[in-house]
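According to numbering that gives the first Met the number 0, numbering within the sequence shown proceeds without interruption in unit steps and concludes at 381. Backbone N, C-alpha and C define an ideal beta-carbon position, used for all residues, glycine too. Shown next, in structure tokens, is the structure this report addresses.
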Amino acid sequence: MSIRFKLLFYLLFMFLSVSNNLHAQNDILTVILSAKVGSSINLNERNKYSLFPQYENFDSATVHKVDNGSYFIRFFLHDEHGTSIDSNVWYSEKLITTISEKIDHYDQLKDGSYKIGDSDAKMIYIKTDNRISVPAVESPFEKQVQNQNQNDQIDKAWSDELPFPKYVGEKETTRWHLAFGVNVSSISYDFSGVNRAFSAIEDKYRSQGYTITPHNQSFKISPWIGATLQIRVYNDLHFIVETGNPMSSGDWAYGSEKFYMVTGSLLYHYYPSDKKWMRTYLSFGVGKYYYEINRRYGINNRISETSQDGSFYYLENLSSSGGSTGYPLSCGIEFIGESGLSCSIFTNYTYAPPIEIQLVNGGKSTVCLGGVRVGGRVSLYF
Numbered sequence: 000m001s002i003r004f005k006l007l008f009y010l011l012f013m014f015l016s017v018s019n020n021l022h023a024q025n026d027i028l029t030v031i032l033s034a035k036v037g038s039s040i041n042l043n044e045r046n047k048y049s050l051f052p053q054y055e056n057f058d059s060a061t062v063h064k065v066d067n068g069s070y071f072i073r074f075f076l077h078d079e080h081g082t083s084i085d086s087n088v089w090y091s092e093k094l095i096t097t098i099s100e101k102i103d104h105y106d107q108l109k110d111g112s113y114k115i116g117d118s119d120a121k122m123i124y125i126k127t128d129n130r131i132s133v134p135a136v137e138s139p140f141e142k143q144v145q146n147q148n149q150n151d152q153i154d155k156a157w158s159d160e161l162p163f164p165k166y167v168g169e170k171e172t173t174r175w176h177l178a179f180g181v182n183v184s185s186i187s188y189d190f191s192g193v194n195r196a197f198s199a200i201e202d203k204y205r206s207q208g209y210t211i212t213p214h215n216q217s218f219k220i221s222p223w224i225g226a227t228l229q230i231r232v233y234n235d236l237h238f239i240v241e242t243g244n245p246m247s248s249g250d251w252a253y254g255s256e257k258f259y260m261v262t263g264s265l266l267y268h269y270y271p272s273d274k275k276w277m278r279t280y281l282s283f284g285v286g287k288y289y290y291e292i293n294r295r296y297g298i299n300n301r302i303s304e305t306s307q308d309g310s311f312y313y314l315e316n317l318s319s320s321g322g323s324t325g326y327p328l329s330c331g332i333e334f335i336g337e338s339g340l341s342c343s344i345f346t347n348y349t350y351a352p353p354i355e356i357q358l359v360n361g362g363k364s365t366v367c368l369g370g371v372r373v374g375g376r377v378s379l380y381f
């Protein structure tokens with residue numbers, strides 16, 4: 000009886016073990032990551048969607064889900080001799096759904112119009128008759144994955160699967176689409192040609208015997224205040240519109256100066272490191288620049304003979320105005336927070352063809368509306 004009992008117990012144990020094993024196998028599902036690929040991802044699909052680029056000699060891959068919610072991918076490769084290699088690698092659910100989104104929105108991810116998490120992953124789960132065993136441990140391919148610790152492998156998987164943006168192991172960089180900004184800067188432009196033009200007119204009246212009080216106007220167009228509107232065009236390429244004018248208009252006792260401009264530029268942001276709160280930028284564009292300068296003389300500078308009624312003409316004021324096309328080039332460093340508020344420092348150089356002024360004595364003078372600005376900007380991104 001004892002031998003029969005032992006034999007019966009042994010057979011019962013074997014039956015339960017086989018049943019549990021079959022049950023475990025039946026609870027492994029094959030996952031179709033997207034309607035754009037099959038249940039087995041082939042080489043063409045892998046190349047089309049840049050999947051698993053870290054694995055060379057790729058043949059195919061299948062994705063599976065275990066009943067406890069875990070995922071693993073079975074890779075099929077070949078070595079340099081053509082020998083087939085297959086192995087199972089565990090993946091997190093987040094990375095699996097990310098790869099699914101990558102396939103569904105691949106072109107949009109590349110042009111920056113979509114970011115991971117904008118929509119839910121659309122995966123299909125199917126039962127299979129194939130006998131698939133649950134891998135006990137992660138087993139990277141020999142000569143395919145270097146010996147690294149687990150965190151390094153996870154970081155590499157993220158960076159390999161999502162090269163847009165570059166540093167996916169961290170929190171994804173927010174791509175702002177619109178920004179409004181205010182900037183204040185010092186400005187160094189040369190308006191001495193206007194002084195020469197006005198002095199030539201004064202000298203003309205002096206040569207006719209009239210007394211003209213000499214004026215040498217000191218132009219004040221700094222500090223400069225401006226406003227900007229920035230629109231994202233493509234990834235880190237932006238279009239920025241800027242307008243501005245001096246915060247003051249000179250000394251009204253002797254004259255006034257006005258200088259204003261409107262520009263449009265293409266601006267490119269560059270991240271010199273993995274610090275996403277800091278970036279540099281370079282911009283180049285075209286704009287229209289205008290100036291208007293007035294000089295006041297009062298009523299004590301007579302420029303005509305006295306008429307019979309005792310009246311005469313006097314030099315009350317002189318004015319000069321004009322405009323030209325300019326080409327601004329800017330570079331700067333911007334510090335931006337998660338809320339979208341940023342501050343930046345910048346340098347701007349504008350080239351503008353000189354404006355010729357015909358002098359009354361037959362000579363010529365020029366006004367150049369190009370120069371250098373150095374300042375700071377505060378912007379709010381949306």
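Secondary structure at residue i, three-state DSSP: helix, strand or coil?
i      : result
Ile298 : coil
Ala351 : coil
Leu42  : helix
Lys47  : helix
Leu314 : coil
Leu368 : coil
Lys219 : coil
Lys109 : helix
Pro271 : coil
Phe283 : strand
Ser329 : strand
Phe381 : coil
Thr305 : coil
Thr82  : coil
Leu254 : The identity of residue 254 in the sequence shown is Gly, whereas the question assumes Leu. Gly254 falls in the strand class under three-state DSSP.
Given a threshold of 16 other Cβ atoms within 10 Å of its Cβ, counted over all protein chains shown, does residue i qualify as buried or as exposed?
i      : result
Ser303 : exposed
Gly374 : buried
Gly192 : buried
Leu314 : buried
Thr82  : exposed
Pro327 : buried
Met122 : buried
Ser318 : exposed
Gly243 : buried
Gly254 : buried
Thr61  : buried
Arg294 : buried
Since residue i sits in a beta bridge, which residues does DSSP pair it with?
i      : result
Gln357 : Lys363
His237 : Arg231, Leu266
Trp382 : Given a span of 0 to 381 for the chain in the structure shown, any question on residue 382 remains unanswerable.
Val133 : Per DSSP, none; premise fails for Val133.
Tyr209 : According to DSSP, Tyr209 bridges with nothing at all.
Thr242 : Ala226, Val261
Pro52  : Its beta-bridge partners do not exist; DSSP assigns none.
Tyr289 : Tyr259, Gly322
Ile115 : DSSP output for Ile115 lists no bridge partner at all.
Gly336 : BP columns for Gly336 are empty, so no partner.
How big is the Cα-Cα spacing for residue i and residue j?
i      : j      : result
Ile292 : Glu201 : 16 Å
Leu368 : Val285 : 13 Å
Tyr380 : Ile335 : 9 Å
Tyr350 : Ser329 : 12 Å
Glu92  : Gly263 : 45 Å
Val377 : Gly325 : 24 Å
Asn56  : Asp26  : 30 Å
Val232 : Leu108 : 14 Å
Val88  : Tyr124 : 19 Å
Lys35  : Ile102 : 7 Å
Ser320 : Arg278 : 39 Å
Val133 : Phe283 : 58 Å
Arg372 : His237 : 21 Å
Lys126 : Thr29  : 6 Å
Tyr259 : Trp223 : 9 Å
Gly297 : Asn316 : 7 Å
Thr365 : Ile354 : 5 Å
Val17  : Ile131 : Here Val17 scores only 47 on pLDDT, less than 50, and its place in the model should not be relied on; the value that follows carries that caveat. Cα to Cα, the separation comes out at about 14 Å.
Thr210 : Lys363 : 24 Å
Asp58  : Phe74  : 8 Å
Phe51  : Ser99  : 13 Å
Pro352 : Gln53  : 54 Å
Leu76  : Ile31  : 20 Å
Leu42  : Ile72  : 15 Å
Need the endpoints of the beta strand (DSSP E) that residue i sits in, please.
i      : result
Phe75  : 70-77
Ala60  : 57-64
Val36  : Per DSSP, Val36 belongs to no beta strand (DSSP E) and is neither H nor E.
Ile27  : No beta strand (DSSP E) holds Ile27; DSSP gives it neither H nor E.
Tyr124 : 123-125
Tyr188 : 177-188
Give the range of the alpha helix (DSSP H) segment to which residue i is assigned.
i      : result
Asp103 : 92-103
Tyr204 : 191-206
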